[in-house]
Amino acid sequence: MRSQLLRAAARSRASLPAATNRSFGSSARRPAEVELTIDGKKVSIEAGSALIQACEKAGVTIPRYCYHEKLLIAGNCRMCLVEVERVPKPVASCAWPVQPGMVVKTNSPLTHKAREGIMEFLLANHPLDCPICDQGGQCDLQDQSMRYGADRGRFHEITGKRAVEDKNIGPLIKTSMNRCIHCTRCIRFANDIAGAPELGSSGRGNNMEIGTYLERNLDTELSGNVADLCPVGALLLKPGAFSYRPWELTKFESIDVLNALGSNIRVDARGLEVKRILPRLNDDVNEEWIDDKTRFAMDGLKTQRLTTPLIRRDGQFQPATWEQALTEIATVFRQLAPGENEFKAIAGHLIETESLVAMKDLANRLNSENLALDQPGGSAPIAHGVDVRANYSFNSKIFGVEEADAMFIIGSNTRWEAAVLNARIRKQWLRSPLEIAYVGEPFETTFKYEHLGTDAAAVKKALAGEFGKKLAGAKRPMIIVGSAIAEHPDAAAIFESVGSFVDKNQAVFNTPEWQGYNVLQRVASRTGAYEVGFTTPSQKVADTKPKIVWLLGADEISDKDIPKDAFVIYQGHHGETGAQLADVILPGAAYTEKSGTYVNTEGRVQLTRSAVSLPGAARTDWKIIRATSEFLGVPLPYDDLEVLRDRLEEISPALRRYDTVEPSALTSLSKVQLVDTNKGAKATNAPIELPIKNFYMTDVISRRYVAYWMTLESEDEILTRYIALRQWLAVQPQRKRATPKQISKRLENRIRKLSMAGLWSKKAFSIGLAFIQVESRKRCIFAEE
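Here our numbering is used: position 573 in the sequence shown is 669, and no number is missing along the way.
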């Protein structure tokens, strides 16, 4: 109902000029401004702004609990009261619009007394939990009570303070509802931004409660943000509860690499361990939100890590020194003597651009251009081409979603591939008459769309039909092509259809103010790989059978993708699929342990920063490649990170221009690769399937995060966990070959420990034991199908 009302209100405003909307062009009409006086200081601000915004512009901090810049105004808490001349009572500055000539006092005796009264009401039922509350040290109520709290209260109820039962809203958010002050920030976020209407309020007055009414989980990929929004300790994070205090943590500014948005984050560490990850404000990328995978997958950084080089001997991995491991690689290389393009490098999802360039340079020195990406069809040339940045980037920019008035999504589950971007789409859908069409496998999302089909023929038909006319007639049309389309058998036909339509309607799709063609990448390394040319140049090179395969963080690969007689090197930070296939394992660094350059889906260049030290004997990835080149007799010409970044700048100057998005040059050449190269491509009309089947298990780090496992109860997902546990045990150093019976016993002991620790549910425990029994009867390693 709420979304219907918002949509109805938006349609009624559709015919009015959008004066306050963000605009690309400098010719947008500037909103009228009003002038007012705040604490004796003249301030000019846009008409229609809230008084609290004017106060902030004047440099005055107004206390608040319910008000938040990114949420709809509620006016619940009344803590933001200020005095306005010729108004008989203090007014709530968050809900009071500015007016010309207003005279405002924010720190008068009347204002201070009013805030003290509000604080007394808030503390009347609040428990004295500060010594045991995880919000202590970062609590707004704590801070404001020091300034506006009285030394005694006037509420003395015979029945004592109000008590509220805690709610169970899932495995990630911990509730302590006695502390709730009914600011409704969590409700407004869940309903308006996350699109999760489960959270709401019931009762009124002293009996009001926040909860889900029916006991169920908060079903959204953005649920962790309610803990950030909560100004008190009512909503906290279950993972990591009671394990640290905020003042114990060292803070590092970094970016997220578990998807391709490059959300700005703050990594908080204590000693050698990452304790929490929080969002940083960046209105151009993630606003103030991050998804749950970004926030909670940090615990995967400390489980099943590779901490020492390993060499496979007689079917078992044996620990080795770095010199022994690199000598083994050099010896095998001399024995196999790979010829042209017989050395193959496959780059995984989480690799930074420095390591991609180092690996490409090493391959080139070994007379090979056989470079591939860890994705279906990753060895073949990319259908959209990589010579023009506009062909593989999100050209409208992430914030440009809030300008779109017609949107066509092809083969992308935006809710799982880019949850924060999906929230922007929902925002624009709620506040404007935005029409959205979609072709691909249907999915449950937070906005309504018109489903036009599931294959390449549907894409062509949609662009030639009614919705194509709507796109051509829109002022800000947007086409979003999912990265999975580049992996589809009909990729060439789809890109030809889209490219031809965009070329035909350049008047609206390709202007100085607007670029309407977009590719939404879903993994962090892919845009950077395209930028530096880490791709196969031709099908002939891709078809060359390699003698040596280097898996650079490639964990989505299977043994079918590698020749059985090839020598396999795995370089990465977790013992999973890639490590199990390897003959030599080189332990690398995770994104919180190194400084690296990443290019997000819109082409924005950003840096990760090291927050903790490397575990054990692990080393930074590009340094491993540099050391290996020395042993192979083809030393790379950089020993320092800055020198390597100079090499990046040689390839693409944009890679040293941080936090900026370089405009796509030579957009006229986009047609050459999108249309001309793919001209005449025949479509099989195979269904377009979504690449992500489980939001919480898309990469090696998030799959290792055991807290997510508690949310997974289907037998297929428990089987995935079981296989992951088998793979981890397989790469553990063993003194001698284990019998199938010994392997089964180790598995059983490990599963029992996980169950006793509460990390596997009873159902998962029982099914896991059943898998072991089946495996024991077959007397062989479980078939990973």
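Just so you know, even glycine gets a beta-carbon here, dropped at the ideal spot from N, CA and C.
Cβ shell of residue i (< 8 Å), same chain only, five flanking positions each side left out
{"i": "residue 628", "result": "449, 452, 453, 456, 744, 747, 748 and 751"}
{"i": "residue 277", "result": "161, 173, 218, 222, 237, 327, 328 and 330"}
{"i": "residue 703", "result": "350, 351, 691, 692, 693, 694 and 754"}
For residue i, the first and last residue of its enclosing beta strand (DSSP E)
{"i": "residue 502", "result": "502 to 506"}
{"i": "residue 882", "result": "The structure shown has nothing for residue 882, since the chain only spans 97 to 881."}
{"i": "residue 142", "result": "137 to 142"}
{"i": "residue 350", "result": "346 to 351"}
{"i": "residue 201", "result": "199 to 201"}
{"i": "residue 271", "result": "269 to 271"}
{"i": "residue 786", "result": "Run containing residue 786: none; DSSP gives neither H nor E here."}
{"i": "residue 297", "result": "296 to 298"}
{"i": "residue 332", "result": "331 to 333"}
Coarse secondary structure for residue i, derived from DSSP in three states
{"i": "residue 118", "result": "With a pLDDT of 34 at residue 118, under the threshold of 50, the predicted position of this residue should be treated as unreliable, though the coordinate-derived value follows. Residue 118 falls in the coil class under three-state DSSP."}
{"i": "residue 427", "result": "helix"}
{"i": "residue 322", "result": "helix"}
{"i": "residue 244", "result": "helix"}
{"i": "residue 495", "result": "helix"}
{"i": "residue 597", "result": "helix"}
{"i": "residue 490", "result": "strand"}
{"i": "residue 307", "result": "strand"}
{"i": "residue 177", "result": "strand"}
{"i": "residue 370", "result": "strand"}
{"i": "residue 532", "result": "strand"}
{"i": "residue 401", "result": "strand"}
{"i": "residue 227", "result": "helix"}
{"i": "residue 422", "result": "helix"}
{"i": "residue 740", "result": "helix"}
{"i": "residue 151", "result": "helix"}
{"i": "residue 183", "result": "coil"}
{"i": "residue 795", "result": "coil"}
{"i": "residue 591", "result": "helix"}
{"i": "residue 340", "result": "coil"}
Own chain partners of residue i with C-beta closer than 7 Å, once the 5 adjacent residues on each side are dropped
{"i": "residue 599", "result": "767 and 771"}
{"i": "residue 123", "result": "Because the pLDDT at residue 123 is just 40, under 50, the model does not fix this residue reliably, and the point stays unresolved."}
{"i": "residue 769", "result": "480, 481, 483, 484 and 487"}
{"i": "residue 582", "result": "478, 479 and 480"}
{"i": "residue 336", "result": "371 and 372"}
{"i": "residue 211", "result": "159, 175, 177 and 244"}
{"i": "residue 340", "result": "366 and 371"}
{"i": "residue 312", "result": "294"}
For residue i: DSSP bridge partner residues
{"i": "residue 375", "result": "361"}
{"i": "residue 468", "result": "442"}
{"i": "residue 610", "result": "607"}
{"i": "residue 702", "result": "694"}
{"i": "residue 669", "result": "In the DSSP output, where bridge partners are listed per residue, residue 669 has none listed."}
{"i": "residue 415", "result": "406"}
{"i": "residue 212", "result": "Answer is none; residue 212 lacks a bridge partner."}
{"i": "residue 132", "result": "139"}
{"i": "residue 749", "result": "Note: residue 749 sits in no beta bridge, so no partner."}
{"i": "residue 680", "result": "407 and 665"}
{"i": "residue 193", "result": "146"}
{"i": "residue 757", "result": "700"}
{"i": "residue 615", "result": "577"}
{"i": "residue 188", "result": "177"}
Unbroken alpha helix (DSSP H) run spanning residue i, endpoints
{"i": "residue 460", "result": "449 to 461"}
{"i": "residue 384", "result": "Run containing residue 384: none; DSSP gives neither H nor E here."}
{"i": "residue 524", "result": "515 to 527"}
{"i": "residue 717", "result": "717 to 727"}
{"i": "residue 283", "result": "281 to 284"}
{"i": "residue 204", "result": "Here residue 204 belongs to no alpha helix (DSSP H), and DSSP marks it neither H nor E."}
Residue i Cβ short of 8 Å to the ligand GDP heavy atom set
{"i": "residue 633", "result": "In the structure on display, the ligand GDP does not appear, and there are no ligands present to speak of."}
Own chain partners of residue i with C-beta closer than 6 Å, once the 5 adjacent residues on each side are dropped
{"i": "residue 785", "result": "537"}
{"i": "residue 203", "result": "none"}
{"i": "residue 928", "result": "Any question about residue 928 goes unanswered here, given that the chain covers just 97 to 881."}
{"i": "residue 199", "result": "133 and 181"}
{"i": "residue 416", "result": "405 and 407"}
{"i": "residue 192", "result": "147"}
{"i": "residue 568", "result": "601"}
Open item on the list: What ranges does the beta strand (DSSP E) occupy inside the segment 625 to 660, keeping only unbroken runs of at least 3 residues that lie completely in it?
Closed with: 644 to 648
TODO: Mind listing, in chain order, the continuous beta strand (DSSP E) runs of no fewer than 3 residues lying wholly within the segment 535 to 586?
DONE: 546 to 549 and 573 to 578
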